[in-house]
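Take the sequence shown: its letter number 48 is residue 100 in this note's numbering, and every next letter is one higher. Down below is the structure, laid out as structure tokens.
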Amino acid sequence: MKILFVGVFQNLWSSNIFLEKALKNNNHSVDHYNYRNNEWKLKKKRNYPNRLIYHVLTKISNYHYFPSKLRDLKFFFFGNKRINYLLFNKIEKKRYDLVLFAKIDTINYKLINHINKISKTWYFFMDPIDTAYNIRAYQYAKRCTWSSASTSAMNKLFLKFGANSYYILEGYDPTLFNPGNQEEEKIFDVIFVGSKSKIRENYINFLRENNVNIKCFGFGWENDPIYLKDLVSTYRTSKIILNFPRVDTGFSDRVFQAMGTSSLLLSKYCSDLKRVFKKAIHLDWFNSPEESLKLINFYLINEEKRKKIAEKGYNFVRNNYTWDHTAKKIIEIAQK
53 MKILFVGVFQ
63 NLWSSNIFLE
73 KALKNNNHSV
83 DHYNYRNNEW
93 KLKKKRNYPN
103 RLIYHVLTKI
113 SNYHYFPSKL
123 RDLKFFFFGN
133 KRINYLLFNK
143 IEKKRYDLVL
153 FAKIDTINYK
163 LINHINKISK
173 TWYFFMDPID
183 TAYNIRAYQY
193 AKRCTWSSAS
203 TSAMNKLFLK
213 FGANSYYILE
223 GYDPTLFNPG
233 NQEEEKIFDV
243 IFVGSKSKIR
253 ENYINFLREN
263 NVNIKCFGFG
273 WENDPIYLKD
283 LVSTYRTSKI
293 ILNFPRVDTG
303 FSDRVFQAMG
313 TSSLLLSKYC
323 SDLKRVFKKA
333 IHLDWFNSPE
343 ESLKLINFYL
353 INEEKRKKIA
363 EKGYNFVRNN
373 YTWDHTAKKI
383 IEIAQK
């Protein structure tokens, strides 16, 4: 298929880059349109009054108690005419078989109605439900030919608004996230990688107060965020990797990435974990700080049990949840 991928590509760790790579590996012709980069260029050109108006309208759009018409003013004024024009011209000129959108929060969702007359469209959403409401993700989803969400709650929301939506998880890149040298020493007992939040901080403080040797990486913690090779190296050399989903229903691609390195993942429970994995077979989960402490102490002592679950978890995600699997699901539906 001839595909245009509209998303974010300036960050080397962006999931959009990995999905684009998977589509190309499956012999599809893929162009990409880096709307975020174009958006930043245009923002720099705005004068102060326009920047102030944009800031105010963005704030208004994020508050649910304002009327929808008022919240949509951001899209009408800054949705952004120049970006929309460049994107539509590209699509009109190239005539793609499929235009794949990822997030695209500053593109006017009404443009999709016009794009549908030229190409099939897909809205691929990977963010939490609060982000979906803030950027009006359902407006994009219901206008596209197809849409998908990486959490069951988001998929239900899209379906509620009339979207032709599918529950399709993110993936991971096994050429990057893999076990590497299996003889590599596990130098960390427990790690967590992710931004600090109140819930996460409460768990970490409780574990540290109970003598768990845990190292945290990310915004707000004692260690800076880590990405790509540094992230892989840290995962590989950790006995236990903690995961705290942002919402109760869904989890991010960090779960697959961690399991892809054949280290044990312990996660705070969310319902989507139960949809995908088997507890104490592929990974394990907890519902309270006390339960997390109990599991950590158990798996640190029982090394063989820890290794067995980590290996089964690795094989499971390697065989079912790479970006290649995600790309094939999208194309299979789009080619029906």
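All residues carry an ideal CB built from backbone N, CA and C; glycine is no exception. Please read these numbers as outputs of a predicted model, since none were measured by experiment.
Item to check | Nearest residue (CA-CA) to Tyr-190, options Phe-258, Lys-320, Leu-209 and Ser-202 | outcome: Here residue 190 corresponds to residue number 138 of the sequence shown, with the count starting at 1. Ranking Phe-258, Lys-320, Leu-209 and Ser-202 by Cα distance to Tyr-190 puts Leu-209 first.
Checklist entry - Gly-365 by DSSP, collapsed to three states: which one? => result Position 313 of the sequence shown, counted from the start, is the residue given in the question as residue 365. In the structure shown, Gly-365 sits in a helix (DSSP, three-state: H, G or I).
Item to check | Beta-carbon separation (whole angstroms), His-33 vs Ile-383, contact threshold 8 Å | outcome: Outside the shown range of the chain (53 to 388) lies residue 33, about which nothing can therefore be said.
Checklist entry - With DSSP run on the structure shown, which of helix, strand or coil describes Thr-13? => result Since the displayed the chain opens at 53 and closes at 388, residue 13 lies outside it and no answer follows.
Item to check | Alpha-carbon to alpha-carbon, Asn-263 and Asn-349 | outcome: Counted from its first residue, the sequence shown places residue 349 at position 297. Counted from its first residue, the sequence shown places residue 263 at position 211. Distance between the alpha carbons of Asn-349 and Asn-263 is about 10 Å.
Next on the checklist: Once DSSP output is grouped into helix, strand and coil, what is the label at Val-299?
Outcome noted: Reading the sequence shown from its first residue, position 247 is the one you call residue 299. Three-state DSSP puts Val-299 in coil, outside helix and strand.
Item to check | Three-state secondary structure assigned by DSSP to Phe-422 | outcome: The question about residue 422 has no answer, for the chain in this structure spans 53 to 388.
Checklist entry - With a CB to CB cut of under 7 Å and the five nearest residues on each side skipped, what residues in its chain are close to Gly-214? => result Here residue 214 refers to the residue found at position 162 when the sequence shown is read from its first residue. Non-local beta-carbon contacts of Gly-214 in its own chain, meaning distances under 7 Å to residues more than five positions away in sequence, involve Lys-194 in chain order.
Checklist entry - Which full runs of the alpha helix (DSSP H) of 4+ residues lie inside the segment 234-284, going along the chain? => result Fully enclosed alpha helix (DSSP H) runs of 4 or longer: 250-261.
Checklist entry - On the premise that Asn-136 lies in contact with Leu-163, defined as a C-beta separation below 8 Å, what is that separation, rounded to the nearest angstrom? => result Stepping through the sequence shown from its first residue, residue 163 is reached at position 111. Stepping through the sequence shown from its first residue, residue 136 is reached at position 84. Right, their Cβ atoms sit about 5 Å apart.
Next on the checklist: Between the segment 307-315 and the segment 223-232, can you find at least three pairs of beta-carbon atoms closer than 8 Å?
Outcome noted: Three or more beta-carbon pairs separated by less than 8 Å link the segment 223-232 to the segment 307-315, which places the two stretches in contact.
Checklist entry - Ser-315 and Thr-301: beta carbons closer than 8 Å? => result Position 263 of the sequence shown, counting from 1, holds the residue named residue 315. Position 249 of the sequence shown, counting from 1, holds the residue named residue 301. Between Ser-315 and Thr-301, the C-beta gap is not smaller than 8 Å, which leaves the two residues out of contact.
Checklist entry - How should Lys-212 be labelled, buried or exposed, when 16 other C-beta atoms within 10 angstroms of its C-beta is the threshold for buried? => result Taking the first residue of the sequence shown as 1, we reach residue 212 at position 160. Exposed, since its Cβ has fewer than 16 Cβ neighbours within 10 Å.
Next on the checklist: Taking the beta strand (DSSP E) that His-80 belongs to, which residues open and close that run?
Outcome noted: Reading the sequence shown from its first residue, position 28 is the one you call residue 80. For His-80, no beta strand (DSSP E) segment is defined, and its DSSP state is neither H nor E.
Checklist entry - So Phe-338 packs on Leu-318, CB below 8 Å; how close in whole Å? => result In the sequence shown, counting from the first residue as 1, residue 338 sits at position 286. In the sequence shown, counting from the first residue as 1, residue 318 sits at position 266. Contact annotation, Phe-338 with Leu-318: C-beta distance approximately 7 Å; criterion of less than 8 Å satisfied.
Checklist entry - Hey, how far is the Cα of Ala-379 from the Cα of Lys-73? => result Taking the sequence shown and counting its residues from 1, the one referred to as residue 379 is at position 327. Taking the sequence shown and counting its residues from 1, the one referred to as residue 73 is at position 21. Cα to Cα, the separation comes out at about 9 Å.
Item to check | Residue environment, His-166, which counts as buried when at least 16 other CB atoms sit within 10 Å | outcome: Translated into positions along the sequence shown, residue 166 becomes position 114. Exposure of His-166 is indicated by the presence of fewer than 16 other C-beta atoms within 10 angstroms of its C-beta.
Checklist entry - Nearest-angstrom Cα distance between Lys-388 and Tyr-218? => result Translated into the one-based positions of the sequence shown, residue 388 becomes position 336. Translated into the one-based positions of the sequence shown, residue 218 becomes position 166. Distance between the alpha carbons of Lys-388 and Tyr-218: 14 Å.
Item to check | Buried/exposed call for Ile-159, threshold 16 Cβ in 10 Å | outcome: Here the question's residue 159 lines up with position 107 in the sequence shown. Buried, by the Cβ-count rule.
Item to check | DSSP bridge partner residues for Phe-57 (one or two, in chain order) | outcome: One-based indexing of the sequence shown puts residue 57 at position 5. Phe-57 is bridged to His-84 and Leu-152.
Checklist entry - Does the Cβ of Tyr-279 lie closer than 7 Å to at least one heavy atom of the ligand FAD? => result Of ligands this structure carries none, so the ligand FAD is not represented either.
Item to check | Burial state of Glu-222, where buried means 16 or more other Cβ atoms lie within 10 Å | outcome: Numbered from 1 along the sequence shown, position 170 holds the residue referred to as residue 222. Counting Cβ neighbours within 10 Å, Glu-222 comes out buried, since at least 16 surround it.
Checklist entry - Unbroken beta strand (DSSP E) runs of length 3 or more, entirely within the segment 134-181: which are they? => result Counting only runs of 3 or more, we get 150-153 and 172-177.
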